[in-house]
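Asks: Under mature numbering (1 follows the signal peptide of the UniProt record, and there is no 0), the residues of the sequence shown are numbered -25 to -1, 1 to 186, in order. Just so you know, even glycine gets a beta-carbon here, dropped at the ideal spot from N, CA and C. Given the structure is predicted, the values throughout are model-derived calculations rather than measurements.
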Amino acid sequence: MAPSLAAAVLLFLLAPMSSPAAVLAADGGTTTHLHLFMHDILTGSNPTAVQVIKGPSAVPGLAFGDTTVIDDALTEDPSSSSAAVGRAQGFYMMTSQSGGAVLTVCANLLLTAGGYNGSTVAVMGRDDIAADVRELAVVGGTGRFRMATGYVLWKTNSMNGPDATVELDVYVTTGGGATIDSSSSSAAVRVGGWVSAVFVAVVVAVVGSYV
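Right under this line is the structure:
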């Protein structure tokens, strides 16, 4: 009798998670590759990067805690005079206490050209300036890139004093994963599925031991 009751409890608890209305599976998604150049200008009369917080060190631009706000131009070629395709708007800060030039970057890539005009890609990650290639995460987006995921390969193209041109290979995936149907009272979040499974197993074990 105990096994049958345990099985009934298991089916009752699993029913909401297996409801076809709870999670609507999407396809594998579409990946878009954007090749851009970002111009980070700290000098001159019209800088696009401005330091707003100074860390404790006397060395400018290299101190833990230094924070810089950016509105950098994005172009299709390394030359700053090439066709503009957007802006990189956000900030970066020095986040290494070991003395290395390591930044944490948080920026929106606002696209202003072609079919992507008005769309954004949200980028965040660790930028170890000494590395040839740095990988940052795509953590979201808007417009054509709503709910985007992906990554950015971030490479220094050239330096002129503190000013830098950075090459960005942006790989943005949209349309994948799962969509939660909020009209269903039994909607389940896929990420939390393993937690639910453990909970069900514990409940069944307890019911089986006491019935």
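1) According to DSSP, is Arg62 part of a helix, a strand, or is it coil?
2) Suppose you measure from the CA of residue 193 to the CA of Phe120; what does that come to, to the nearest Å?
3) Indicate the three-state DSSP secondary structure (helix, strand or coil) for Arg101 in the structure shown.
4) Would you mind sorting Asp41 into buried or exposed? The rule is 16 or more other CB atoms within 10 Å of its CB.
5) Between the C-alpha atoms of Thr7 and Pro31, what's the straight-line distance to the nearest angstrom?
6) Taking the straight line between their C-alpha atoms, what separation do you get for Asp46 and Met68?
7) Buried or exposed: which applies to Met19, given that a residue is buried once 16 or more other Cβ atoms fall within 10 Å of its Cβ?
8) Could you tell me which of Ala33, Arg109 and Arg62 sits nearest to Val44, measuring between CA atoms?
9) Taking only the alpha-carbon atoms, compute the straight-line gap between Gly118 and Ala59 and give it to the nearest angstrom.
10) Using only the alpha-carbon positions, how far apart do Ala48 and Ser73 sit?
11) What residues in its chain sit with their C-beta under 7 Å from that of Leu85, if we drop five residues either side in the sequence?
12) Straight-line CA distance for Thr5 to Thr124?
13) Going by the beta-carbon positions, is the gap between Asn135 and Pro53 smaller than 8 Å?
14) Output yes or no for whether 8 Å exceeds the beta carbon distance between Val113 and Val147.
15) Kindly indicate the opening and closing residues of the beta strand (DSSP E) around Ser133.
Replies: Working from what's here:
1) The residue you call residue 62 lines up with position 87 of the sequence shown. Residue state, collapsed to three classes: strand.
2) For the chain, the structure presents residues -25 to 186; residue 193 sits outside this window and is missing.
3) On the sequence shown, residue 101 is found 126 positions in, with the first residue counted as 1. Under the three-state reduction of DSSP, Arg101 is assigned to strand.
4) Within the sequence shown, numbered from 1, the residue matching residue 41 stands at position 66. So Asp41 counts as buried.
5) Taking the first residue of the sequence shown as 1, we reach residue 7 at position 32. Taking the first residue of the sequence shown as 1, we reach residue 31 at position 56. Those two C-alpha atoms are separated by around 41 Å.
6) Reading the sequence shown from its first residue, position 71 is the one you call residue 46. Reading the sequence shown from its first residue, position 93 is the one you call residue 68. In a straight line, the C-alpha of Asp46 is about 15 Å away from that of Met68.
7) By one-based count along the sequence shown, residue 19 stands at place 44. The question names Met, but residue 19 is Gly in the sequence shown. Classification for Gly19: exposed.
8) Translated into positions along the sequence shown, residue 44 becomes position 69. Here the closest residue by C-alpha is Arg62.
9) Your numbering for residue 118 matches position 143 in the sequence shown. Your numbering for residue 59 matches position 84 in the sequence shown. Roughly 19 Å between the two C-alpha positions.
10) Here residue 48 refers to the residue found at position 73 when the sequence shown is read from its first residue. Here residue 73 refers to the residue found at position 98 when the sequence shown is read from its first residue. Approximately 31 Å between the Cα atoms of the pair.
11) If you number the sequence shown from 1, residue 85 lands on position 110. Taken in chain order, the residues that qualify are Gly61, Arg62, Gln64 and Thr95.
12) Start at 1 with the first residue of the sequence shown, and residue 5 comes out as number 30. Start at 1 with the first residue of the sequence shown, and residue 124 comes out as number 149. So the alpha carbons of these two residues sit roughly 10 Å apart.
13) In the sequence shown, counting from the first residue as 1, residue 135 sits at position 160. In the sequence shown, counting from the first residue as 1, residue 53 sits at position 78. No, they are not a contact pair.
14) Here residue 113 refers to the residue found at position 138 when the sequence shown is read from its first residue. Here residue 147 refers to the residue found at position 172 when the sequence shown is read from its first residue. Yes.
15) Residue mapping note: residue 133 aligns to position 158 of the sequence shown, counting from 1. From DSSP, the beta strand (DSSP E) with Ser133 extends over Thr124 to Asn135.
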